[in-house]
Amino acid sequence: MTNTVKFDLDDDDLVVIIGSGAGGGTVANELAQKGVRSVVLEAGKRFTLEDFKNSEWEMFMKLSWLDKRISAGGWHHAKNHSGLPAWIVKGVGGSSIHWAGVSLRFKPHEFKMKSTNGHIEGANVADWPISYDDIAPYYEKAEDKMGVTGTKATGMPDLPESSHTKLHRIAAERTGMTFANAPMAINSVARDGRPACQQIGFCMQGCRIGAKWSTMYTELPRAEETGLCEIRANSMVQKIAHDADGRATGVHYTDEKGNKKFQKARVVCVAGNSIESPRLLLNSASKKFPDGLANSSGQVGRNYMGHVTGGVYGVFPKPVNMHRGTSVPSLITSEQRNDPDRGFVAGYSLEVLALGLGFLSAFLKPGSSGWGREVSEALENYQNMAGVWICGEDLPVENNRITLHPTEKDQHGLPVPVVTKTDHNNDLVMRNHAYAQMAKLYKSVGATKLHNLPAYPSSHNMGTNRMSEKASDGVVNKWGQSHDVPNLFISDGSQFVTSGAVNPTLTIVALAIRQAEHIAKLVKTNAL
Amino acid sequence: MNNKNSSISRRKFLGSVGCGVAGTVVATTMIGSVTASENKASTISMPDSGHISQTMLKLAKDIYPHEMLENKYYQKIVDNLAKQEKKLIGEGIAMLDQLSNEKLGQPFLNVGYEPDRIRILRSIEDNPFFIKVRTALMFGIYDNKDLFHLFGYQGSSWEKGGYKNRGLNELDWLND
Numbered sequence: 000m001t002n003t004v005k006f007d008l009d010d011d012d013l014v015v016i017i018g019s020g021a022g023g024g025t026v027a028n029e030l031a032q033k034g035v036r037s038v039v040l041e042a043g044k045r046f047t048l049e050d051f052k053n054s055e056w057e058m059f060m061k062l063s064w065l066d067k068r069i070s071a072g073g074w075h076h077a078k079n080h081s082g083l084p085a086w087i088v089k090g091v092g093g094s095s096i097h098w099a100g101v102s103l104r105f106k107p108h109e110f111k112m113k114s115t116n117g118h119i120e121g122a123n124v125a126d127w128p129i130s131y132d133d134i135a136p137y138y139e140k141a142e143d144k145m146g147v148t149g150t151k152a153t154g155m156p157d158l159p160e161s162s163h164t165k166l167h168r169i170a171a172e173r174t175g176m177t178f179a180n181a182p183m184a185i186n187s188v189a190r191d192g193r194p195a196c197q198q199i200g201f202c203m204q205g206c207r208i209g210a211k212w213s214t215m216y217t218e219l220p221r222a223e224e225t226g227l228c229e230i231r232a233n234s235m236v237q238k239i240a241h242d243a244d245g246r247a248t249g250v251h252y253t254d255e256k257g258n259k260k261f262q263k264a265r266v267v268c269v270a271g272n273s274i275e276s277p278r279l280l281l282n283s284a285s286k287k288f289p290d291g292l293a294n295s296s297g298q299v300g301r302n303y304m305g306h307v308t309g310g311v312y313g314v315f316p317k318p319v320n321m322h323r324g325t326s327v328p329s330l331i332t333s334e335q336r337n338d339p340d341r342g343f344v345a346g347y348s349l350e351v352l353a354l355g356l357g358f359l360s361a362f363l364k365p366g367s368s369g370w371g372r373e374v375s376e377a378l379e380n381y382q383n384m385a386g387v388w389i390c391g392e393d394l395p396v397e398n399n400r401i402t403l404h405p406t407e408k409d410q411h412g413l414p415v416p417v418v419t420k421t422d423h424n425n426d427l428v429m430r431n432h433a434y435a436q437m438a439k440l441y442k443s444v445g446a447t448k449l450h451n452l453p454a455y456p457s458s459h460n461m462g463t464n465r466m467s468e469k470a471s472d473g474v475v476n477k478w479g480q481s482h483d484v485p486n487l488f489i490s491d492g493s494q495f496v497t498s499g500a501v502n503p504t505l506t507i508v509a510l511a512i513r514q515a516e517h518i519a520k521l522v523k524t525n526a527l
Numbered sequence: 000m001n002n003k004n005s006s007i008s009r010r011k012f013l014g015s016v017g018c019g020v021a022g023t024v025v026a027t028t029m030i031g032s033v034t035a036s037e038n039k040a041s042t043i044s045m046p047d048s049g050h051i052s053q054t055m056l057k058l059a060k061d062i063y064p065h066e067m068l069e070n071k072y073y074q075k076i077v078d079n080l081a082k083q084e085k086k087l088i089g090e091g092i093a094m095l096d097q098l099s100n101e102k103l104g105q106p107f108l109n110v111g112y113e114p115d116r117i118r119i120l121r122s123i124e125d126n127p128f129f130i131k132v133r134t135a136l137m138f139g140i141y142d143n144k145d146l147f148h149l150f151g152y153q154g155s156s157w158e159k160g161g162y163k164n165r166g167l168n169e170l171d172w173l174n175d
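If you're matching them up, the sequences are chains H and Z in order.
Residue numbers for the first sequence, in numbering that gives the first Met the number 0: 0 to 527.
Residue numbers for the second sequence, in numbering that gives the first Met the number 0: 0 to 175.
Below, the structure is given as structure tokens:
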């Protein structure tokens, strides 16, 4: 893959996109298809499909964002994952290389959690400034673009049933829970120049054959092919600059050779994921914006959400071989509803999730006490295990936030991010409810033992530059456009107001398509 | 890391733990911060290598006990670690023996009663020495493709065409 175009650093008519994952990569291609020129600055390097091995830890080391970060607060990560608050990717394609492909839409009520449940003590819940109806057409476009199975947009059939799925389907039938094949952005038939899934497994280690959608080999090369988009890998942005009027003028970054550069810009789109995006705005503080760029609301970095998660792995009398096939083949959807009678607001999905032996050995009982007979005996039953991952709505809490460390610096001399999070009581009640439901589910198909796993470092990171109707309540408006800096946009999951009971990628892509349409309109009418 | 050992054993070690740096990164990012220990052992004289090797085997089998796993697999992992981290491991074993002598009147290797050994190990599970040994074992056993089959795990599958036509759905003990 070669760059087809190189733009000048002094070209001030470009959209500069920071980050190349689901958000940034989609914005780049959508703009390119509409004739708008852009430069994508990506901190990570380029990978090829041949780099993707079916090996969990090898790929963890190869793909993960391992720059220094610190976990703080009341969550167990502060002790057990002290340097890895989140599990995301550093590379061209971002975390769309790592995502499992689960493509669920938010439900209509999930855009209106404030009006649905009223004020919740200790949380900072708000309604989105957009409704389900506003985003629905873009969900359909996203499903078509990404190739999501079982949707009207593609007409693609579901992926075939695996043993892992069969066990959950029968358990759901026996317990009256609702089972669903997962809508996956993984080709069940050859489509759009990509092959059909071979049920290899290792979806989260980079899809070896490219059957799973990733901007790495869809949006980004397509944007490049137009000759209107330049992707600069190994380019870490340090600071967004602005003029006296408070408009963004360009970005300071370190290029692949370690040289400091300044790229001028007409528009800046920030899509570095929910830790790096607010970190960049905070690091861009200036005399005019002493609390950080675009931060007149004080909400930059706040309301950090992952999902309410955990895992449940059951041991069964006979083999399941959960590792055979896609990592997330199916779902239990009965608890997605908002039903405060359960003792908590919002809902959760139960997503069937295969872990390999390597990851299971680390996550079964994370932390320094995760050794001994309990662990080794569990792992001897690997073949007979099945498991789910809990994906529950995490409430926005103001003090769950990204801040800059006062003294610690990264390899570029920038203050490292501190990710502070403490579970809201709602999270604890929800998680326990999920553990209880899973026990019911797994006992119905003969589980002999259950292992409840605490949360893993999250790949779902949301909320730290949230949308709001009023400038005082959030960082960006309903287009992801900064309330304070008109030519600055947030193009990733950090613009989420709430987290929903579903994986964020489909919504990130739908918002990115919608945002790119808006930016193109503004650019073409000289309104930006 | 010490690079005095031959490149062959180094490579073998890397092979057995999957990825050399992984051990260190995972120990600090995934397992937790390696806090500075109140390591009193630096004043203690180093145990001989035979004793270290035997004690490490005992320790390894207490950390991840598997009847199905022959001693040689444990031994290889811990001996390679002891070669690479001579000081940390030597001092760690000395500390372990000191603790064992204080509590049970004999070196760790001679403690026959498993719950006694586990109690001592639980008390040092946050110690950098213990974390290092545990991490090496975690990679050496569970991220070791030579041992996957013992656990019913099949590892890499893309080169075999995945499972689409190779046992994707053969669960037959549960029926609708």
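Glycine included, every Cβ here is placed at the ideal spot set by N, Cα and C.
Under the 9 Å criterion on CB atoms, residue 216/H is classed as non-interfacial with respect to chain Z.
DSSP places residue 488/H inside the beta strand (DSSP E), whose first and last residues are 487-489. Among the residues facing chain H, residue 45/Z is not included, as its CB has no counterpart in that chain under 9 Å away. Under DSSP, residue 247/H forms a beta bridge with 241/H. Three or more pairs of CB atoms, one per stretch, sit closer than 8 Å, so the region 506-525 of chain H contacts the region 132-152 of chain H. In the displayed model, residue 306/H falls within coil according to three-state DSSP, outside both helix and strand. Here DSSP, grouped into helix, strand and coil, assigns residue 103/Z to helix.
Residue nearest to residue 312/H within the set 326/H, 384/H and 349/H is 384/H (criterion: CA-CA distance).
Classified as exposed, residue 398/H has fewer than 16 neighbouring CB atoms from the shown chains inside 10 Å of its CB.
Per DSSP, reduced to three states, the secondary structure at residue 466/H is strand. Residues are counted here when their Cβ sits less than 8 Å from a Cβ of chain Z; for the region 317-335 of chain H these are 317, 318, 319, 320, 322, 323 and 324, given in chain order. Taking the C-beta atoms as reference points, residue 270/H is found no nearer than 9 Å to residue 248/H.
With at least 16 other beta carbons inside 10 angstroms of its own, residue 446/H counts as buried. Excluding the 5 residues flanking it on each side, residue 200/H has same chain C-beta neighbours closer than 8 Å at 53, 322, 323, 324, 325, 326, 353 and 355, in chain order. Taking the C-beta atoms as reference points, residue 170/Z is found no nearer than 9 Å to residue 475/H. Contacts with chain H at 9 Å (Cβ-Cβ) include residue 153/Z. For residue 400/H, the uninterrupted beta strand (DSSP E) segment begins and ends at 400-408.
Runs of the beta strand (DSSP E) spanning 3 or more residues and lying entirely within the region 8-58 of chain H occur at 14-17 and 37-40, in chain order. In the structure shown, the three-state DSSP call for residue 126/Z is coil. Residue contact check for residue 438/H against chain Z: no CB pair falls below 9 Å. 9 Å or more divides the Cβ of residue 518/H from the Cβ of residue 495/H.
Taken in chain order, the complete beta strand (DSSP E) segments of 3 or more residues contained in the region 271-353 of chain H are 310-314, 329-331 and 347-351. Between residue 390/H and residue 460/H, the gap from beta carbon to beta carbon reaches 9 Å or more.
For residue 193/H, the pairing in a beta bridge is given by DSSP as 190/H.
Annotation for residue 115/H: 108 and 337 place their beta carbon closer than 7 Å to its own, counting only its chain and skipping 5 residues before and after. Interface annotation for the region 141-165 of chain H against chain Z: 159, 160, 161, 162, 163, 164 and 165, criterion Cβ-Cβ distance under 9 Å.
For residue 40/H, the number of other beta carbons within 10 angstroms of its own is at least 16, and it is reported as buried. Within chain H, 159, 195, 196, 197, 198, 199 and 324 have C-beta atoms less than 9 Å from the C-beta of residue 163/Z, given in sequence order. The residues 425, 428 and 429, in chain order, have a CB closer than 6 Å to that of residue 343/H in the same chain once the five nearest residues on each side in sequence are set aside. Burial state of residue 8/H is exposed, judged by a 10 Å Cβ sphere holding fewer than 16 other Cβ atoms. Contact check for residue 105/H and residue 130/H: beta-carbon distance about 10 Å, past the 8 Å limit, so the pair fails to qualify. DSSP places residue 386/H in the uninterrupted beta strand (DSSP E) bounded by 384-391. For residue 372/H, the neighbours in chain Z by C-beta distance under 8 Å run, in chain order, 64.
Around the CB of residue 364/H, 16 or more other CB atoms lie within 10 Å, so the residue is classed as buried. Residue nearest to residue 231/H within the set 4/H, 472/H and 481/H is 4/H (criterion: CA-CA distance). Just measuring C-alpha positions, the residue of 285/H, 273/H and 277/H sitting nearest residue 243/H is 285/H.
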